[in-house]
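Engineer: In my numbering, the protein residues as written are 14 to 98.
Here is the structure:
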């Protein structure tokens, strides 16, 4: 969706969660997810490993070690202030 197009937001989430964040480069990832579920229901595949070949393009955001999370949170608050009416 729209939020995943924001590189700053994806990096912010990785830093805040202290976990890698992986996003699909496909603009139609919701439709792809629906197709995955339908295929699973029809018995076309059994587990997530079978689906990995369908989604090859990904971008990974790794947490930045030692990043000031308080500063990151303040950046987030400023960003929200710019978009909230």
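No residue lacks a Cβ here, since even glycine has one placed at the ideal position from N, Cα and C.
#1: Quick one: grab the DSSP three-state call for residue 41.
#2: Excluding the 5 residues preceding and the 5 following residue 76 in the sequence, name in chain order all residues of the same chain whose CB lies nearer than 6 Å to its CB.
#3: On the DSSP bridge assignment, give the partners of residue 72 in chain order.
#4: Straight-line CA distance for residue 89 to residue 60?
#5: For residue 93 and residue 55, I'd like the C-alpha separation in whole angstroms.
#6: Would a C-beta distance cut-off of 8 Å place residue 40 and residue 74 closer than the cut-off?
#7: Report yes if the CB atom of residue 71 is closer than 8 Å to the CB atom of residue 22, and no otherwise.
#8: Which value, in whole angstroms, describes the spacing of the CA atoms of residue 63 and residue 95?
Structural biologist: Looking at the atomic coordinates:
#1: coil
#2: 27, 28, 31
#3: 36
#4: 37 Å
#5: 43 Å
#6: no
#7: no
#8: 42 Å
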